[in-house]
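Protein chains in written order, with this note's numbering: chain E, 727 to 1146; chain A, -6 to 387.
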């Protein structure tokens, strides 16, 4: 079992310093030996900056000599490693950042040597792929800030995804589908809340049960009705890309941020709203109080159970929005188990983001990046089987959960039922 | 430690006091309620519930008419073909139950130590792949060496898949629920690669070659009946786990860690070691489930091989109150349900996923016995709490 050290003892700090330094040195060496030496001299890597068909003003492409860039990245990692061994840097997060950034840049440059690679396209698709993860993470944040663990996000998203596509196809209106996704998500979450608050069911067990029912029920409906009535029930179309005038003309950032569909805008808006609500309003203060010390909150007249119900239900609606993204936000039809673990990855993003909306969103972007990287690498025909690239987001999740990268502390009462 | 063990009352063994009938009532009613609600879903989807459940019954126990005509044939003409055809559904149910027993024991063992192993699914798949590999790659061994080796391979593969999240939990406090699920997805991707590449049999389909006959678990009857020694092995392993958990010092330690880790640590027990050990054993059990399926029934592994076993196993462990005997009964029940559902799908055209819905509901009712008590106006019996999980690590 791990204990959270508030005071760092010197021996431990020294060991950590040497460990991080060695890892950095090793990273530098690895980059140089594996990517640097195998990169052919004289080849260049072209990073295309302009998104095809975007409204933004064109920017010249970034062309770099492959081998030199890789060697440079190896040098940075090795230098930071040596510095770390000699002096020691406080922030482990920064060190891990250096490892990740140098490695990724070197790897991309190596993978795309002699070819061109659309950098903006990849970052933009990272945002797109991060959206369902971010929504799952936000659902987790708002529930767990009120001390209710919701591991059933995956199931909620599946049910909402199906509800969205069915209602949208039936009514020929995507917004009706969106509203239904929110309602259904809220409803399932309300059931979870009822189980864990009223009946004091183990929160993880309840979540798992929701996942099983969610997967089973949606697959049941899919094979019973959707497959045979595809045109009538499972063909909704998707939200169109909304290009925001003027802002989308900004070079590079414009097409990344301002040429998306409504769910992505809502997600970004939600991050801001949730951050403000949680940390700058009485409601947020109460929510956090209920999550940290429900007894004290109760003593001050806050209705603990009511706060938990409402937060879990709002969380469910957010997960419902995430579910809607899978169908009416991206492909326009429902497939069995189409969430593919995104709900759980969202929980990892929540932990990595330290139960904080902005942090959760930022770490979702990392997962989105890993996900879109994997797709791009397949296109580049990197000699690594695509199945291994597909594992990347899951492995990243596991690494993040070890807490090597900045240990996070959950709300104090997280997962515990409250009894007066 | 031994003295402590002896002073512990032997009768309840975790089932939670009360008479046997009392402790069986809630699970039985939970299953019943699950079936009723499942029936409502079937009804709402526009199918005939009675037709569906009759198909379920025939699919799991067999057609009564066939039994009669089968025995008539046997006594009049001395032919066994009719009987074999009549008992096939029952034996198929037992065949389906076999991996469930192993997988359910895996999750139950985790619960006993306060760990939630949702990774039985991936461990099952990896175990099956390892067994298949040992089974087809080694040629010319005698069966008494080859078969144990293949089983061992499966257990080892599953154990590896379990021990990784176990170690991460013990060392870093990383929550095993998320990590075992990530391991599931990694297992799926890995198997995709293996089945399309290194382990692919010649031909178009992404499946492994058939295992050698020396690695197969022997069957009891002639060909249409697939009942095999895997079932016996499952019973033996279940008894072994019971003995391990309740009659050995290590088992006592594991249960202590599960019941109260702080007290266990105070008593000098090594929590990290227990977590790692339990996850390795749990993974090994789930791996054996895969081995039993591949060596006893299918003889090869294809994509989607482990569909749903891991999640079913959770329901089994909860239903069986994490007691090996309870898990065996629950697994038999689910074996009959699943096997029957296959024929329900073919005869009454009810998608088999309805069983997942019923299982999820059963889990909810088992975990919230108060709902069952409210529904059936039962008196509040002594609370039988087993702490299953506790938050995010620490």
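In this text, a Cβ means the ideal position worked out from N, Cα and C, and glycines have one as well. Predicted, not measured: the structure shown is a model, and the values here were computed from it.
- Taking the beta carbon of residue 183(A) as reference, the chain E residues within 9 Å of it are 1113, 1114 and 1117, listed in sequence order.
- In terms of Cα proximity to residue 1117(E), the closest of 1104(E), 1128(E) and 1100(E) is 1100(E).
- Inclusion of residue 136(A) and residue 207(A) in the CB contact set at 7 Å is warranted, their separation being smaller than that value.
- The beta-bridge partner set that DSSP reports for residue 791(E) consists of 770(E).
- The beta carbon of residue 344(A) sits closer than 7 Å to some beta carbon of chain E.
- Bounds of the alpha helix (DSSP H) holding residue 945(E) are 929 to 947.
- For the pair residue 831(E) and residue 953(E), the Cα-to-Cα distance works out to about 44 Å.
- Residue 305(A) counts as buried, since no fewer than 16 other beta carbons sit within 10 angstroms of its beta carbon.
- The count of Cβ pairs closer than 8 Å, one atom from the segment 66 to 86 of chain A and one from the segment 272 to 290 of chain A, stays below three, leaving the stretches out of contact.
- According to the DSSP secondary-structure assignment, residue 212(A) is paired through a beta bridge with 221(A).
- As DSSP reads the structure, residue 843(E) sits in a beta bridge with 773(E).
- For residue 1119(E), the enclosing alpha helix (DSSP H) stretches over residues 1112 to 1127.
- The segment 975 to 984 of chain E and the segment 919 to 937 of chain E do not touch, with fewer than 3 CB-CB distances between them shorter than 8 Å.
- Between residue 997(E) and residue 132(A), the alpha-carbon positions lie close to 60 Å from each other.
- Legend: CB atoms of the segment 153 to 179 of chain A lying less than 7 Å from CB atoms of chain E belong to residues 161, 165, 166, 167, 168, 170, 171, 172, 174, 175, 178 and 179.
- Within the model, the alpha-carbon separation for residue 265(A) versus residue 867(E) is close to 29 Å.
- Residue environment analysis places residue 1032(E) among the exposed positions, since fewer than 16 neighbouring C-beta atoms fall within 10 angstroms of its C-beta.
- Rounded to whole angstroms, the gap between the alpha carbons of residue 361(A) and residue 179(A) is 32 Å.
- Between the segment 141 to 149 of chain A and the segment 1081 to 1098 of chain E, the count of Cβ pairs shorter than 8 Å is below three; the stretches do not touch.
- For the 7 Å CB-CB criterion, residue 762(E) and residue 795(E) do not form a contact.
- When DSSP states are grouped into helix, strand and coil, residue 295(A) belongs to the strand group.
- Looking at the DSSP output, residue 200(A) shares a beta bridge with 295(A).
- DSSP places residue 1056(E) outside any alpha helix (DSSP H), giving it a letter other than H or E.
- According to DSSP, residue pairing for residue 73(A) in a beta bridge does not occur.
- Here residue 889(E) really is in contact with residue 907(E); their C-beta atoms are around 6 Å apart, less than 8 Å.
- Contact between the segment 316 to 326 of chain A and the segment 933 to 944 of chain E is absent: fewer than 3 CB-CB pairs across the two stretches fall below 8 Å.
- For the segment 795 to 812 of chain E, no residue has a beta-carbon sitting nearer than 9 Å to a beta-carbon of chain A.
- The alpha-carbon separation between residue 845(E) and residue 269(A) amounts to approximately 42 Å.
- For a Cβ distance threshold of 7 Å, residue set 175, 178 and 179 of chain A lies close to residue 1120(E), ordered along the chain.
- In the three-state scheme derived from DSSP, where H, G and I count as helix and E and B as strand, residue 114(A) is classed as helix.
- Taking a Cβ-Cβ threshold of 7 Å, the residues of chain A close to residue 921(E) are 357 and 361, in chain order.
- Short of 6 Å from the beta carbon of residue 883(E), and not among the five residues preceding or following it, lie these beta carbons of its own chain, in chain order: 1045, 1048, 1049, 1065 and 1069.
- The criterion of a C-beta distance shorter than 7 Å is satisfied by residue 84(A) and residue 220(A).
- Note that the segment 46 to 53 of chain A touches the segment 337 to 345 of chain A; at least 3 beta-carbon pairs, one per stretch, sit closer than 8 Å.
- At a beta-carbon threshold of 7 Å, none of the residues of chain A lie near residue 1096(E); the nearest stands roughly 13 Å away.
- Under the three-state reduction of DSSP, residue 985(E) is assigned to strand.
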